[in-house]
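The listed protein sequences correspond, in order, to chains A and B. With the first letter of the first sequence counted as 1, position 113 gets the number 113 in UniProt numbering; the numbers rise by one all the way through. With the first letter of the second sequence counted as 1, position 86 gets the number 86 in UniProt numbering; the numbers rise by one all the way through. The structure under discussion appears below in the form of structure tokens.
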Amino acid sequence: MARSVSTNRKLVTTFFAWVVGLAIFFPILWTILTSFKTEAQAIADPPIFFNFHWTLENYVTVQERSNYFRHFWNSVVLSGGSTLLGLIIAIPAAWSMAFVPSRRTKDILMWMLSTKMLPPVGVLVPMYLIFRNLGLLDTQIGLVIVLTLINLPIIVWMLYTYFKEIPGEILEAARMDGATLRSEILYVLTPMAIPGIASTVLLNIILAWNEAFWTLNLTAAKAAPLTAFIASYSSPEGLFYAKLSAASTMAIAPILIMGWFSQKQLVRGLTFGAVK
Amino acid sequence: MATKHSRASARIMISPAVILLLGWMLIPLSMTLYFSFLRYNLLMPGMEEFTGLTNYKYFLTDPAFFAALTNTILLVCGVLLVTVIGGVFLALLLDQPFFGQGIVRILVIAPFFVMPTVSALVWKNMFMNPVNGLFAHLFKFFGLEPFDFLAQAPLASIIGIVSWQWLPFATLILLTAFQSLDQEQLEASEMDGAPWIKRFWFIMLPHLSRAITVVILIQTIFLLSVFAEILVTTNGGPGTASTNLTYLIYMQSLLQFDVGGGSAGGVVAIILANIVAIFLMRMIGKNLDA
């Protein structure tokens with residue numbers, strides 16, 4: 001920006017921006033702080049901000065009492081598995097739409113998007129019955145399939161917009177040199193599209209990690225990921241603030257960090273390219 | 001440019017995605033439609049029979065449906081109002097030069113990455129609890145009676161929680177839109193003596209209109225399906241005070257095992273969502289140069 005701004009004005013903006021930023025972030029900060037307090041300090045009135053005795057006791061208790069790591073592992077399997085499966089299905093599809101477009105490409109893309117608009121509750125009953133009859137209720141594999149299907153349109157769309165930016169001549173040159181289709185995709189396209197694929201992966205892991213309709217309705221104990229694990233704190237454990245905070249912090253920390261890295265790609269992925 | 005050979009292989013490569021999504025859409029959807037015409041309760045297996053439109057009649061005339069529909073509309077509109085207005089002002093603020101821009105941006109978008117069950121539980125217990133919540137402490141500090149948010153204003157409280165989760169989304173998209181604003185046009189109008197409010201109203205806001213529409217449409221799709229926040233905080237209560245359509249159908253199908261009634265509700269929800277989807281698809285389709 002060419003405009004020069006007076007230092008005074010910049011200082012005022014700095015003040016307001018930080019106040020608003022901290023206010024929005026405060027619930028998360030408060031949760032993290034509370035997770036290191038004792039239960040008595042957690043509900044102290046007036047509230048204690050920093051001058052308390054820091055302890056890791058809550059984290060130990062949460063793990064011992066409700067086996068945090070098993071649910072953490074379920075979340076990893078569900079989000080990682082569904083993203084990987086989604087990529088395997090979506091990369092060839094996005095390749096063919098980006099480099100061999102036909103008259104129907106636009107229609108197919110729009111139709112894929114339309115499946116994302118289906119409200120999940122509209123198919124809750126049949127999905128529940130299908131899962132029950134196939135013995136898929138409360139299994140990792142069942143949820144991986146559902147999460148793959150609900151996020152597949154987003155994966156295809158994001159990859160498509162990234163592939164579109166790669167000049168097709170490079171792929172043609174590889175083809176001229178005698179590369180097979182498989183090696184063209186695997187060794188020429190994929191390495192060039194790594195940044196795009198990486199942000200697609202990141203966004204999808206975030207979406208799958210936080211998905212809280214199917215994971216709550218189709219799991220019980222065995223395959224429950226962190227979303228369902230936290231929901232079990234609803235009562236009466238929710239009244240133990242320090243433990244609730246420790247469990248919450250552990251549930252959101254991995255994705256918070258990933259999210260911050262992916263913030264630039266987020267807009268593009270979530271608006272299906274309508275805002276870049 | 002494309003050879004015949006590559007056309008054929010392109011068709012093969014796209015088919016797994018198309019077939020899977022087609023199955024995902026058609027199989028459960030046709031089952032929902034079929035169940036919606038049956039009297040079918042999981043507690044009474046083997047008693048299924050065709051009942052025509054009875055399920056729809058019961059679902060649509062149930063007072064709970066009207067309450068849920070009203071709550072759904074209030075929830076969607078309330079959150080949209082807060083996030084769009086808040087988002088415009090936040091984007092305006094964050095677009096100015098200031099110290100620590102990167103860090104503040106990270107702080108502001110953080111709530112978007114918090115899973116719905118966590119944000120609902122944290123707000124419910126640590127902030128809105130009438131005895132030990134931070135808001136209760138704050139009220140007492142000012143000598144006021146503590147307010148039981150989720151019992152006395154359940155829907156408004158949920159609107160607050162959901163708005164906190166979606167404000168970052170609106171801000172991020174509007175901020176991206178602001179950054180593509182033509183600075184020279186702004187400077188020219190500033191030199192011509194246009195006051196700030198006029199520059200905002202006649203230059204910035206029209207530039208944002210497209211991004212605002214996208215925010216509204218995408219959020220509406222997600223907000224129609226708010227579920228975890230209600231399940232964790234109020235269970236739809238007290239009464240039906242915070243039951244939305246999604247939660248009502250969930251109760252009917254998985255808590256009362258009424259497959260037929262739940263399916264009829266599902267069909268109604270799909271029709272409502274489609275009305276919004278049509279507009280969104282048009283917006284995105286216009287932007288797509290395939």
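Using N, Cα and C, we set each Cβ at its ideal position, and we do this for glycine too. In this text the structure is predicted, and so the values were computed from the model without any measurement.
Kindly list, in the order they appear in chain A, the residues whose Cβ is closer than 8 Å to that of residue i.
i         : result
Gly285(B) : Lys106 and Met110
Ala170(B) : Near Ala170(B) there are no residues of chain A at all, since even the closest Cβ is about 11 Å away, more than 8 Å.
Gly262(B) : Leu124 and Val125
Taking residue i as the query, report the chain B residues whose CB atoms sit under 8 Å from its CB, ordered along the chain.
i         : result
Thr34(A)  : Met126
Ile89(A)  : Pro16, Ala17 and Leu20
Lys24(A)  : The residue asked about is misnamed: residue 24(A) is Ile in this sequence, not Lys. Simply Leu107, Val108, Ala110, Pro111, Trp164, Leu167 and Pro168.
Tyr128(A) : Ser253 and Leu254
Ile205(A) : Correct list: empty, because the minimum Cβ distance to chain B is about 11 Å.
For residue i and residue j, what's the separation of their Cα atoms in angstroms?
i         : j         : result
Gly239(B) : Met127(A) : 28 Å
Gly142(A) : Leu136(A) : 5 Å
Val201(A) : Thr83(A)  : 6 Å
Ala228(A) : Ile194(A) : 33 Å
Glu64(A)  : Ala220(A) : 19 Å
Lys124(B) : Gly133(B) : 8 Å
Ile14(B)  : Lys164(A) : 16 Å
Asn210(A) : Trp18(A)  : 27 Å
Glu48(B)  : Tyr40(B)  : 5 Å
Ala2(A)   : Pro97(B)  : A caution first: Ala2(A) carries a pLDDT of 44, below 50, which makes its placement in the model unreliable, though a value can still be read off. About 12 Å.
Met192(A) : Thr233(B) : 46 Å
Leu42(B)  : Thr215(A) : 21 Å
Tyr187(A) : Ile170(A) : 12 Å
Ala67(B)  : Ile159(B) : 16 Å
Ile252(A) : Thr117(B) : 10 Å
Met115(B) : Arg175(A) : 45 Å
Ile154(A) : Val12(A)  : 40 Å
Thr246(B) : Ile221(B) : 12 Å
Gly193(B) : Val131(B) : 54 Å
Ser262(A) : Phe16(A)  : 26 Å
Ala94(A)  : Asp107(A) : 14 Å
Thr31(A)  : Arg105(B) : 20 Å
Ala8(B)   : Pro101(A) : 12 Å
Asn133(A) : Ala177(B) : 48 Å
Asn179(A) : Ile88(A)  : Sequence check: residue 179(A) is Ala here, not Asn. If you take the alpha carbons of Ala179(A) and Ile88(A), they lie about 20 Å apart.
Ignore the nearest five residues each way along the sequence and tell me which others in residue i's own chain have a CB closer than 7 Å to its CB.
i         : result
Leu186(B) : Arg199 and Ile203
Ser75(A)  : Trp209, Pro225 and Leu226
Thr83(B)  : Ser163, Trp166, Leu167, Ala170 and Gln219
Quick one: which chain A residues come within Cβ less than 7 Å of residue i?
i              : result
Val259(B)      : Val125
Ile221(B)      : Met117
Gln96(B)       : Thr13
Thr117(B)      : Ala212, Thr227, Ile230 and Ala231
Tyr250(B)      : Val121 and Leu124
Asn71(B)       : Chain A residues near Asn71(B): none, gap ~14 Å exceeds 7 Å.
residue 291(B) : Nothing about residue 291(B) can be read from this structure; chain B reaches only from 1 to 290.
Thr32(B)       : Gly122, Val123, Val125 and Pro126
Leu29(B)       : Val123
Excluding five sequence neighbours on each side, which residues of the same chain lie with their C-beta closer than 6 Å to the C-beta of residue i?
i         : result
Asn58(A)  : Ser35, Ala242, Lys243 and Ala246
Leu33(A)  : none
Ile130(A) : none
Gly259(A) : Ile206
Ala264(B) : Ser36, Asn55, Tyr56 and Phe59
Ala91(B)  : Thr171, Leu174, Leu175 and Phe178
Residues of chain B with CB under 7 Å from residue i, in chain order?
i         : result
Gly21(A)  : Val104, Leu107 and Val108
Ala220(A) : What Ala220(A) touches in chain B: nothing, since even the nearest Cβ is about 12 Å away.
If you drop the 5 nearest sequence neighbours on each side, which residues of the same chain put their C-beta closer than 8 Å to that of residue i?
i         : result
Ala64(B)  : Thr240, Thr243 and Leu248
Met1(B)   : Residue placement at Met1(B) is poorly supported in this model, since its pLDDT is 46, which falls under 50; the coordinates are not used for a value here.
Ala211(B) : Ile173, Leu174, Thr176 and Ala177
Please list, in chain order, the chain B residues whose beta carbon lies closer than 9 Å to that of residue i.
i        : result
Ala93(A) : Met13, Ile14, Ser15, Pro16, Ala17 and Val18
Any heavy atom of the ligand GDP closer than 7 Å to the beta-carbon of residue i?
i         : result
Tyr233(A) : No copy of the ligand GDP occurs in the structure displayed, which carries no ligand at all.
At 9 Å on the CB atoms, spell out the chain A contacts of residue i, in chain order.
i         : result
Gly266(B) : Pro119, Val121, Gly122, Val123, Leu124, Val125 and Pro126
Phe227(B) : Pro120, Val121, Ala212, Phe213, Leu216 and Asn217
Problem set entry | Residues from the stretch 5-16 of chain A in contact with chain B, defined by Cβ distance under 7 Å | Residues passing the 7 Å Cβ filter: Val5, Lys10, Thr13, Thr14 and Phe16.
Problem set entry | Selection of the stretch 240-259 of chain A by Cβ proximity to chain B, strictly under 7 Å | Listed by position, the residues of the stretch 240-259 of chain A near chain B (Cβ gap below 7 Å) are Tyr241, Leu244, Ser248, Ala251, Ile252, Ile255, Leu256 and Gly259.
Problem set entry | Near-chain B residues of the stretch 56-75 of chain A - C-beta to any C-beta below 9 Å | Those residues of the stretch 56-75 of chain A placed with their C-beta closer than 9 Å to a C-beta in chain B do not exist.
For this session: Give the residues from the stretch 42-53 of chain A that approach chain B closer than 8 Å (Cβ to any Cβ), ordered along the chain.
Result: Residues are counted here when their Cβ sits less than 8 Å from a Cβ of chain B; for the stretch 42-53 of chain A these are Ile43, Asp45, Pro46 and Pro47, given in chain order.
For this session: Taking a Cβ distance cut-off of 7 Å, strictly less, list which residues of the stretch 191-217 of chain B are near chain A, in chain order.
Result: Only those residues of the stretch 191-217 of chain B whose C-beta falls short of 7 Å from the nearest C-beta of chain A are listed: Ala211 and Val214.
For this session: Identify every run of the alpha helix (DSSP H) within the stretch 52-130 of chain B, keeping only runs that are complete inside it and at least 4 residues long; order them along the chain.
Result: Taken in chain order, the complete alpha helix (DSSP H) segments of 4 residues or longer contained in the stretch 52-130 of chain B are 54-61, 63-95, 101-109 and 116-121.
For this session: Taking only beta carbons into account, state which residues of the stretch 136-147 of chain A come closer than 8 Å to chain B, listed in chain order.
Result: For the stretch 136-147 of chain A, which is checked against every Cβ of chain B, not one residue is closer than 8 Å.
Exercise. For the stretch 89-136 of chain A, which segments carrying the alpha helix (DSSP H) assignment without a break, of at least 4 residues, lie completely within its bounds, in sequence order?
Worked result: If only uninterrupted alpha helix (DSSP H) runs of at least 4 residues are considered, those enclosed by the stretch 89-136 of chain A are 105-116 and 124-133.
For this session: For the stretch 172-200 of chain A, enumerate the residues whose C-beta is nearer than 9 Å to any C-beta of chain B, in chain order.
Result: Hits within the stretch, in order: Glu172, Arg175, Leu181 and Ile185.
Problem set entry | Whole alpha helix (DSSP H) elements within the stretch 47-83 of chain A, 4-residue minimum | Runs of the alpha helix (DSSP H) inside the stretch 47-83 of chain A: 57-66.
Exercise. Closer than 7 Å, Cβ to any Cβ of chain A: which residues of the stretch 38-57 of chain B, in chain order?
Worked result: For the stretch 38-57 of chain B, no residue has a beta-carbon sitting nearer than 7 Å to a beta-carbon of chain A.
Exercise. What are the uninterrupted segments assigned as beta strand (DSSP E) that are 3 or more residues long and contained completely in the stretch 159-235 of chain A, given in chain order?
Worked result: Listed in chain order, the beta strand (DSSP E) elements of length 3 or more contained wholly in the stretch 159-235 of chain A amount to none.
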